[in-house]
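Before any comments, here is the structure.
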């Protein structure tokens with residue numbers, strides 16, 4: 025969270041000398057950040073997710089919100105998901 029907030033602050037302080045376009049920025053979030061927006065997701069988020077995951081998701085959501093609030097950044101949020109099973113330990 026802190027690193028991305030610093031990146032956003034640096035971009036917003038950068039003078040736009042010749043361009044009025046927004047600065048493009050891609051952010052790799054996580055699919056789980058969108059849980060509150062899907063059926064049953066809020067329940068999983070609040071009742072089933074372990075505490076470490078709640079903190080992780082809070083950080084991802086805070087960065088997404090900060091990027092969406094910026095008037096100088098054209099953000100692209102990618103939300104990949106981790107696919108895991110007991111037979112694949114190299115993830």
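In my numbering, the protein residues as written are 25 to 115.
Using N, Cα and C, we set each Cβ at its ideal position, and we do this for glycine too.
| Check | Outcome |
| --- | --- |
| Where the alpha helix (DSSP H) containing residue 34 begins and where it ends | 26-37 |
| Alpha-carbon spacing of residue 44 relative to residue 98, whole angstroms | 12 angstroms |
| Where the beta strand (DSSP E) containing residue 99 begins and where it ends | 97-102 |
| C-alpha gap between residue 77 and residue 105, whole angstroms | 14 angstroms |
| Residue 54 burial status per 10 Å Cβ neighbour count (16 or more: buried) | buried |
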